[in-house]
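**Student:** Could you have a look at this structure, given as structure tokens, before my questions?
2 protein chains.
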Amino acid sequence: MLCEDDPNLGQLLLEYLNAKGYTTDLATDGQEAIKAFKRGSYNFIILDVMMPIKDGFTVAQEIRAEDKHTPILFLTAKSLKEDTLKGFEAGGDDYMTKPFSMEELLARINVILKRSNPFVLADEEEVDDSLGNFVFQYKKQKLILGDQETKLTTKENELLFLLSKHRNGILERSFALKTIWGDDNYFNGRSMDVYIAKLRKHLKADDRLEIINVHGKGFKLIAP
Amino acid sequence: MLCEDDPNLGQLLLEYLNAKGYTTDLATDGQEAIKAFKRGSYNFIILDVMMPIKDGFTVAQEIRAEDKHTPILFLTAKSLKEDTLKGFEAGGDDYMTKPFSMEELLARINVILKRSNPFVLADEEEVDDSLGNFVFQYKKQKLILGDQETKLTTKENELLFLLSKHRNGILERSFALKTIWGDDNYFNGRSMDVYIAKLRKHLKADDRLEIINVHGKGFKLIAP
DNA sequence: CGTTTTACTTAACTTGATTTAACAGGGTTA
DNA sequence: TAACCCTGTTAAATCAAGTTAAGTAAAACG
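Chains as they are written, first to last, in our numbering: chain A, 1 to 224; chain B, 225 to 448.
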């Protein structure tokens with residue numbers, strides 16, 4: 001979602017992002033942005049700071065009250081130090097000062113998405129990840145050890161991805177369930193436990209890797 | 225790891241980052257940076273772009289050939305559009321133009337770390353710890369004695385962690401209860417007493433270690 | 001168009017973690 | 001020292017997770 005009150009710039013960016021493979025909605029003021037956010041489901045949010053009705057920082061705070069994950073990038077004409085910090089305090093991930101190059105905007109979007117949610121990256125870039133002796137290819141749904149390739153099923157793949165993203169920290173049960181299964185209920189939970197067992201079998205080939213349980217909280221992938 | 229050839233700026237940043245809780249090593253040219261990277265294990269890399277011997281982009285590419293995970297942030301005096309893009313192409317996560325504010329640098333480091341690996345953030349706790357003849361691995365929830373590994377349950381682990389942090393001093397009952405159980409009440413208190421008994425059994429293998437009770441106050445882990 | 005394969009879910013049973021209960025000692029204070 | 005509260009310990013009860021297999025439905029195959 002893009003929120004920008006200058007219609008020229010807004011349209012320009014909208015077209016650019018769509019051309020680059022990111023389906024984008026445009027909101028023209030803060031109020032609209034909040035509405036759109038509540039209605040839709042976005043993977044990335046770009047907010048102009050100075051807008052009528054509701055400024056970008058306020059919008060960000062209201063979004064962050066409900067959603068702590070979706071990346072937010074601020075666009076602004078002001079480059080004051082305090083403003084930049086305010087942007088990060090409001091839960092922003094990046095802060096760009098106008099005028100900026102659209103290529104740089106795209107580069108920043110890509111790099112943030114790669115870290116937060118490679119599922120939605122627009123380009124072909126491979127998201128390989130080394131896990132101990134394994135190479136985990138998320139896009140190809142493969143786990144490679146030496147010359148041995150194992151195909152992962154969709155659920156295995158997404159679960160391993162989340163574990164890997166939170167490696168050495170807790171992946172919370174309910175977060176994983178909501179992210180992968182869409183709903184945290186008893187049966188999905190049991191299903192996830194089955195997949196944890198499957199992943200443990202896959203990862204057994206490297207004994208530095210381990211999925212441990214944190215009772216009542218979630219799972220932790222121990223990886224060097 | 226910080227790599228910066230200007231000794232004044234390097235020293236300044238080093239001190240600032242250390243003060244903010246990030247243990248930082250300083251390299252003063254690209255060659256050194258690569259060496260340090262191969263030797264050490266870093267959670268974040270800051271590279272100046274213009275450096276003698278090897279420039280920042282080259283360093284980043286060489287690091288990325290081995291490691292796709294560790295975030296890289298570029299610092300540079302040039303703010304050319306092509307240079308910025310070059311930074312992202314080289315596998316960088318962010319790009320800051322001098323002069324910059326140290327607060328903003330810190331904010332950007334924090335926001336990138338949060339997305340890449342939430343568990344190295346500055347307030348994270350120490351990992352391994354020797355307790356008498358034992359090695360206590362908090363992250364892996366393990367207690368190691370020689371070649372004997374004992375898995376600890378989450379509650380055992382948290383409790384031993386607090387005891388160990390306050391070793392030879394009092395760990396107050398209500399503090400431990402609030403920290404681990406979230407609430408200091410009768411039942412949680414009894415539960416904790418059960419875990420104290422379990423830990424005593426685990427630690428019995430080394431008679432220099434002892435958990436003693438301080439009546440009405442809490443527990444004290446005696447450890448050399 | 002029927003059969004087989006595959007991914008995923010549900011079920012059933014087992015194991016483990018944590019809490020609660022029960023009882024037995026200590027420590028402190030009136 | 002008697003009464004009371006705090007702690008030590010063990011066992012039972014409860015709830016979460018581990019595991020394996022059976023069920024189901026859609027996709028792939030022939």
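We put the CB at the ideal spot given by N, CA and C, even for glycine.
Do you know offhand how far residue 342(B)'s Cα is from residue 363(B)'s?
**Tutor:** Along the second sequence, one-based indexing puts residue 342(B) at 118. Along the second sequence, one-based indexing puts residue 363(B) at 139. Because the pLDDT of residue 342(B) is 49, which lies under 50, any placement of that residue in the model is unreliable, and the number read from its coordinates should be weighed accordingly. Using only the alpha carbons, I get a separation of about 14 Å.
**Student:** Compare the Cα-Cα distances from residue 129(A) to each of 294(B), 448(B), 263(B) and report the closest residue.
**Tutor:** Sequence index remark: in the first sequence, residue 129(A) carries index 129 (1-based). The shortest Cα separation from residue 129(A) among 294(B), 448(B), 263(B) belongs to 294(B).
**Student:** Please report the straight-line C-alpha distance between residue 422(B) and residue 401(B), rounded to a whole angstrom.
**Tutor:** Taking the second sequence and counting its residues from 1, the one referred to as residue 422(B) is at position 198. Taking the second sequence and counting its residues from 1, the one referred to as residue 401(B) is at position 177. About 16 Å.
**Student:** When you compare only the Cα positions, how much space is there between residue 1(A) and residue 227(B)?
**Tutor:** Looking up residue 1(A) in the first sequence gives position 1. Looking up residue 227(B) in the second sequence gives position 3. Rounded to the nearest angstrom, the two C-alpha atoms are 36 Å apart.
**Student:** Drop a sphere of 10 angstroms on the beta-carbon of residue 116(A), count the other beta-carbons inside from all chains shown, and report buried for 16 or more, exposed for fewer.
**Tutor:** Taking the first sequence and counting its residues from 1, the one referred to as residue 116(A) is at position 116. Flag for residue 116(A) reads buried.
**Student:** Kindly list, in the order they appear in chain A, the residues whose Cβ is closer than 8 Å to that of residue 327(B).
**Tutor:** As a working mapping, residue 327(B) is identified with position 103 in the second sequence. Against chain A, the beta carbon of residue 327(B) has neighbours under 8 Å at 81, 85, listed in chain order.
**Student:** Span of the beta strand (DSSP E) holding residue 130(A)?
**Tutor:** Taking the first sequence and counting its residues from 1, the one referred to as residue 130(A) is at position 130. Unbroken beta strand (DSSP E) run through residue 130(A): 128–131.
**Student:** Does DSSP classify residue 271(B) as helix, strand or coil?
**Tutor:** Translated into the one-based positions of the second sequence, residue 271(B) becomes position 47. In the displayed model, residue 271(B) falls within a strand according to three-state DSSP.
**Student:** Could you tell me whether the Cβ of residue 173(A) comes closer than 8 Å to any Cβ of chain B?
**Tutor:** Indexing the first sequence from 1 puts residue 173(A) at position 173. So, not an interface residue.
**Student:** Output the boundary residues of the alpha helix (DSSP H) element that contains residue 239(B).
**Tutor:** Translated into positions along the second sequence, residue 239(B) becomes position 15. Counting along the chain, the alpha helix (DSSP H) containing residue 239(B) begins and ends at 231–243.
**Student:** Using a Cβ-Cβ cut-off of 7 Å (strictly less than) and excluding sequence neighbours within five positions of residue 438(B), which residues of its own chain qualify?
**Tutor:** The residue given as residue 438(B) occupies position 214 in the second sequence. Excluding residues within five positions, the ones whose Cβ falls inside 7 Å are 394, 444.
**Student:** What does DSSP give as the partner residues of residue 96(A) in its beta bridges?
**Tutor:** If you number the first sequence from 1, residue 96(A) lands on position 96. DSSP lists 75(A) as partners of residue 96(A).
**Student:** On the criterion of 16 or more Cβ atoms from any shown chain inside 10 Å, does residue 48(A) qualify as buried, or is it exposed?
**Tutor:** One-based indexing of the first sequence puts residue 48(A) at position 48. Buried.
**Student:** For the putative contact between residue 77(A) and residue 50(A), defined by C-beta atoms under 8 Å, what is the C-beta separation to the nearest angstrom?
**Tutor:** Here residue 77(A) corresponds to residue number 77 of the first sequence, with the count starting at 1. Here residue 50(A) corresponds to residue number 50 of the first sequence, with the count starting at 1. Contact flag correct, Cβ pair sits at about 7 Å.
**Student:** CA-CA distance, residue 448(B) and residue 153(A)?
**Tutor:** Against the second sequence, residue 448(B) aligns to sequence position 224. Against the first sequence, residue 153(A) aligns to sequence position 153. Taking the straight line joining both Cα atoms gives about 50 Å.
**Student:** So residue 280(B) is in the alpha helix (DSSP H); what residue range does that whole segment cover?
**Tutor:** Within the second sequence, residue 280(B) is the residue found at index 56, counting from 1. Here the alpha helix (DSSP H) through residue 280(B) covers 280–290.
**Student:** Spatial neighbours of residue 313(B) within its chain, please: CB distance less than 7 Å, with the 5 preceding and 5 following residues excluded, ordered by chain position.
**Tutor:** For this step, residue 313(B) is matched to residue 89 along the second sequence. Once the five neighbours on either side are set aside, residue 313(B) has no close Cβ partner at all.
**Student:** Rounding to the nearest angstrom, what Cα-Cα distance links residue 25(A) and residue 358(B) in this structure?
**Tutor:** Walking along the first sequence from the start, residue 25(A) turns up at place 25. Walking along the second sequence from the start, residue 358(B) turns up at place 134. Those two C-alpha atoms are separated by around 57 Å.
**Student:** Please name the residue or residues paired with residue 358(B) in a DSSP beta bridge.
**Tutor:** Residue numbering aside, residue 358(B) sits at position 134 when the second sequence is read from its first letter. Bridge partners of residue 358(B): 355(B).
**Student:** Quick check for students: name the residue ranges of the beta strand (DSSP E) that lie wholly in the stretch 155–190 of chain A, counting only runs of 3 or more.
**Tutor:** 170–172
**Student:** Reducing DSSP to helix, strand and coil, say where residue 33(A) ends up.
**Tutor:** The residue given as residue 33(A) occupies position 33 in the first sequence. Three-state result, residue 33(A): helix.
**Student:** Counting pairs of beta carbons, one from the stretch 182–201 of chain A and one from the stretch 237–247 of chain B, are three or more of them closer than 8 Å?
**Tutor:** Segment contact: the stretch 182–201 of chain A against the stretch 237–247 of chain B, fewer than three CB-CB distances shorter than 8 Å; contact not assigned.
**Student:** Going by beta carbon distance, what residues of the same chain come within less than 6 Å of residue 326(B), once the five residues before and after it are set aside?
**Tutor:** Here residue 326(B) refers to the residue found at position 102 of the second sequence. Within the same chain, residue 326(B) has close Cβ partners 240.
**Student:** Check distances from the C-beta atoms of the stretch 125–141 of chain A to those of chain B and list, in chain order, the residues that come in under 8 Å.
**Tutor:** 128, 129, 130
**Student:** The stretch 85–99 of chain A: which residues have C-beta closer than 7 Å to a C-beta of chain B, in chain order?
**Tutor:** 85, 88, 93
**Student:** The beta strand (DSSP E) spanning residue 89(A) covers which residue range?
**Tutor:** Taking the first residue of the first sequence as 1, we reach residue 89(A) at position 89. Residue 89(A): not part of any beta strand (DSSP E); member of the alpha helix (DSSP H) spanning 81–89, first to last residue.
**Student:** Skipping 5 residues on each side, what residues in its chain have a beta carbon closer than 6 Å to that of residue 270(B)?
**Tutor:** What you label residue 270(B) is simply residue 46 of the second sequence in a count that begins at 1. Taken in chain order, the residues that qualify are 226, 297.
**Student:** Who are the Cβ neighbours of residue 79(A) in its own chain at under 7 Å, not counting the five residues just before and after it?
**Tutor:** Mapped onto the first sequence, residue 79(A) falls at position 79. Hits under 7 Å: 97.
**Student:** If we count the other Cβ atoms within 10 Å of its Cβ and call it buried at 16 or more, is residue 431(B) buried or exposed?
**Tutor:** As a first step, residue 431(B) is located in the second sequence; it is residue number 207 there, counting from the start. Exposed: under 16 other Cβ atoms inside 10 Å.
**Student:** Is the distance from the Cβ of residue 368(B) to the Cβ of residue 382(B) below 8 Å?
**Tutor:** Stepping through the second sequence from its first residue, residue 368(B) is reached at position 144. Stepping through the second sequence from its first residue, residue 382(B) is reached at position 158. Not in contact: residue 368(B) and residue 382(B) (Cβ atoms no closer than 8 Å).
**Student:** With the cut-off set at 8 Å, would you say residue 218(A) and residue 173(A) are in Cβ contact?
**Tutor:** Along the first sequence, one-based indexing puts residue 218(A) at 218. Along the first sequence, one-based indexing puts residue 173(A) at 173. Taking C-beta atoms as the reference points, residue 218(A) and residue 173(A) count as a pair closer than 8 Å.
**Student:** Residues in its own chain within less than 6 Å of residue 167(A) by CB, not counting five upstream and five downstream?
**Tutor:** Taking the first residue of the first sequence as 1, we reach residue 167(A) at position 167. For residue 167(A), where only same-chain residues beyond five positions count, the Cβ hits under 6 Å are 221, 223.
**Student:** Considering only the beta carbon of each residue, do residue 91(A) and residue 61(A) sit closer than 8 Å?
**Tutor:** The residue you call residue 91(A) lines up with position 91 of the first sequence. The residue you call residue 61(A) lines up with position 61 of the first sequence. Yes, these two residues count as a Cβ contact at 8 Å.
**Student:** Within 8 Å of any Cβ in chain B, is that where the Cβ of residue 115(A) sits?
**Tutor:** Here residue 115(A) refers to the residue found at position 115 when the first sequence is read from its first residue. Judged by the 8 Å Cβ criterion, residue 115(A) is in contact with chain B.
**Student:** Kindly indicate which residue of 428(B), 307(B), 328(B), 386(B) has the alpha-carbon position closest to the one of residue 282(B).
**Tutor:** Within the second sequence, numbered from 1, the residue matching residue 282(B) stands at position 58. For residue 282(B), the closest of 428(B), 307(B), 328(B), 386(B) by C-alpha to C-alpha distance is 307(B).
**Student:** Got a sec: is the Cβ-Cβ distance from residue 222(A) to anything in chain B below 8 Å?
**Tutor:** Counted from its first residue, the first sequence places residue 222(A) at position 222. By this cut-off, residue 222(A) is an interface position.
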